Amino acid sequence: MKKLLALLLALVMVLALAACGQAAAPASTQAEAPAEEAPAEEAASNLVGVAMPTKDLQRWNQDGENMKSLLEAAGYEVDLQFGANDIPTQVSQIENMIANGCKVLVIASIDGDSLGTVLAQAKEAGIPVIAYDRLIMNSDAVSYYATFDNWLVGTKQGEFIRDALDLDNAEGPFNIEFITGDPGDNNINFFFDGAMSILQPYLDNGKLVCPSGQVEKAVVATANWATDAAQSRFENILASNYADGTPLHAVLASNDSTALGVENALAASYTNDVYPVITGQDCDIAIMKNLIEGKQAMSVFKDTRTLAAKVVEMVDALMKGSEPPINDTETYDNGTGIIPSFLCDPVACTVENYEDLLISSGYYTMDQINNG
Ligand code: BGC
């Protein structure tokens, strides 16, 4: 009788373990599945929580909608939320997703350092977390990271300026100014430092000069990547350093929303015939006219369709208990260890290749650009 009871007990335990195994916990991640039993209706849920930072910037709308439609096509339910660039809003959106029994969380954070507490709840509940585009810092609940190669974004911008000014051959010196994004976005460490890895030697040898003296990342950062903040900082820079006719040859801008602020400031208060080489990132519709008219020399195209599709593959693998695709296990340490990542390829976009990259590929129609 005792033997029979022991056998039955063992059987029950095996079944319980098998049930937990289905609760989408990745084999090699830091978010372990809890030993708790899930209520019956939760076990059947296939809800995926997708938290995006804001609707203000075109790309996050695209990222969110792409993911939602791909996940739904794959048979998942999706709770897609946008955080209005407000950290408490994003935190409570994620809390709701957890309370609603989501099985995987995909999060593009507003501030990479502010999600520790809510993600501890996700970990408790055995919910794997995929950091989307921006790494979530100092939380051991982050299971995977999917993004573009952010260092490469920065080096492409730096190389573009180096080549456009022919820094290795031209006499110079050339005047340059800098602007990057939100200090709470870990990506700026890759964008800005990547670009500086190319440009710093020319600042050191005097081929590049920064008349405002504003070169440090913390000084050239822009809260929320906001266009109006970028514009007013550049209006000040132009008034203080270029009003006497000093030419501005280049502006390293980490993305399009900040580049647009620079371009607006130039349009308002810069009269020199020398127009600067300005970089950007995202191929936002809002800058495409400027790109075509030569007011912005380049952007970096990050095809959000590719990233969204990759994340859907990751989610699907987690839901099915298999290994999500990754191609980098070295670069992204979030303070708790390396987060296994998938890095997509960014591509430099100029007036020369935008039709191929954006129009022929169906990313935009020419009408969208003209009306943007
Ligand atoms: C993204 C960029 C975007 C910026 C502002 C960054 O984290 O990687 O593509 O331009 O945020 O939203």
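Everything in the sequence shown is counted per this note's numbering, starting at 1 for the first residue and increasing by one. Backbone N, C-alpha and C fix where the C-beta goes; we use that ideal spot for every residue, glycine too. The structure presented is a predicted model; accordingly, all values stated were derived computationally and were not measured.
Q) What residues are listed by DSSP as bridge partners for A131? A) I107 and Y145
Q) The alpha helix (DSSP H) with V274 in it runs from where to where? A) No alpha helix (DSSP H) contains V274, which DSSP labels as neither H nor E.
Q. Per DSSP, what kind of secondary structure is D316 in: helix, strand or coil?
A. helix
Q.
Bridge partners for S299 per DSSP, in chain order?
A. C349
Q | Sequence-distant residues of the same chain with beta carbon closer than 6 Å to P340, five excluded per side | A | Y144, I326 and T329
Q | Rounded Cβ spacing between Q90 and P128 (contact assumed at less than 8 Å) | A | Contact doesn't hold; Cβ gap of about 18 Å is too wide.
Q: Pick helix, strand or coil for S197, following the three-state DSSP scheme.
A: helix
Q) Which one of I179, I110, D204 and M319 has the shortest CA to CA distance from L260? A) I179
Q) Which whole-angstrom value is the C-beta distance of A146 and F342, which I expect to be below 8 Å? A) 5 Å
Q) Hey, would you say M288 sits closer than 9 Å to I369, going by beta carbons? A) yes
Q. If T336 and N138 are in contact, beta carbons under 8 Å, what's the gap, nearest whole angstrom?
A. 6 Å
Q) Is there contact between the region 178-196 and the region 345-353, where contact requires at least three CB pairs shorter than 8 Å? A) no
Q. So D79 is in the beta strand (DSSP E); what residue range does that whole segment cover?
A. E77 to F82
Q: Can you give me the start and stop residues for the alpha helix (DSSP H) that G64 sits inside?
A: Q58 to A73
Q. So is D356 buried or exposed if we call it buried at 16+ other beta carbons inside 10 Å?
A. exposed
Q.
Our contact map puts Q281 next to N255 with C-beta atoms below 8 Å; I'd like the distance itself, whole angstroms only.
A. 4 Å
Q | Length at least 3, wholly inside the region 176-232: the beta strand (DSSP E) runs in chain order | A | none
Q: Could you tell me the distance, in whole angstroms, from the CA atom of Q121 to the CA atom of D113?
A: 16 Å
Q: Buried or exposed for A239, please, with buried defined as at least 16 other CB atoms from any protein chain shown within 10 angstroms of its CB.
A: exposed
Q) Which residues in the same chain as G83 place their Cβ atom closer than 8 Å to its Cβ, once the five residues preceding and following it in sequence are excluded? A) A51, M52, P53, T54, T89, Q90, Q93 and I110
Q: Using alpha carbons as the reference points, say which of K207, V153 and S360 lies closest to A170.
A: K207
Q) With which residues is C344 paired in a DSSP beta bridge? A) F148
Q) Between which two residues does the alpha helix (DSSP H) containing A99 stretch? A) I87 to A99
Q | Distance between beta carbons of S257 and L57, contact taken as under 8 Å | A | 6 Å
Q: Quick one: residues in its chain with C-beta nearer than 8 Å to the C-beta of S361, no 5 flanking neighbours on either side, listed in chain order?
A: D303
Q) Measuring CB to CB, does P276 end up less than 9 Å from L248? A) yes
Q. Between R134, E95 and D79, which lies nearest to N150 when the distance is taken from Cα to Cα?
A. R134
Q | Residue from V153, Q81 and I198 with nearest C-alpha to M298 | A | V153
Q. What's the call for I338, buried or exposed, on a 16-neighbour Cβ count within 10 Å?
A. exposed
(Q) Taking the alpha helix (DSSP H) that M288 belongs to, which residues open and close that run? (A) I285 to I292
Q: Work out the CA separation of A223 and I176 for me, nearest whole Å.
A: 21 Å
Q) Tell me the DSSP bridge mates of V251? A) E177 and I278
Q. Which first and last residues belong to the beta strand (DSSP E) in which M52 is found?
A. L47 to M52
Q. Which first and last residues belong to the alpha helix (DSSP H) in which N370 is found?
A. M366 to N371
Q: Leaving out five residues on either side along the sequence, give the residues of the same chain with a beta carbon under 8 Å from the beta carbon of I285.
A: Q58, Y364, Q368, I369 and G372
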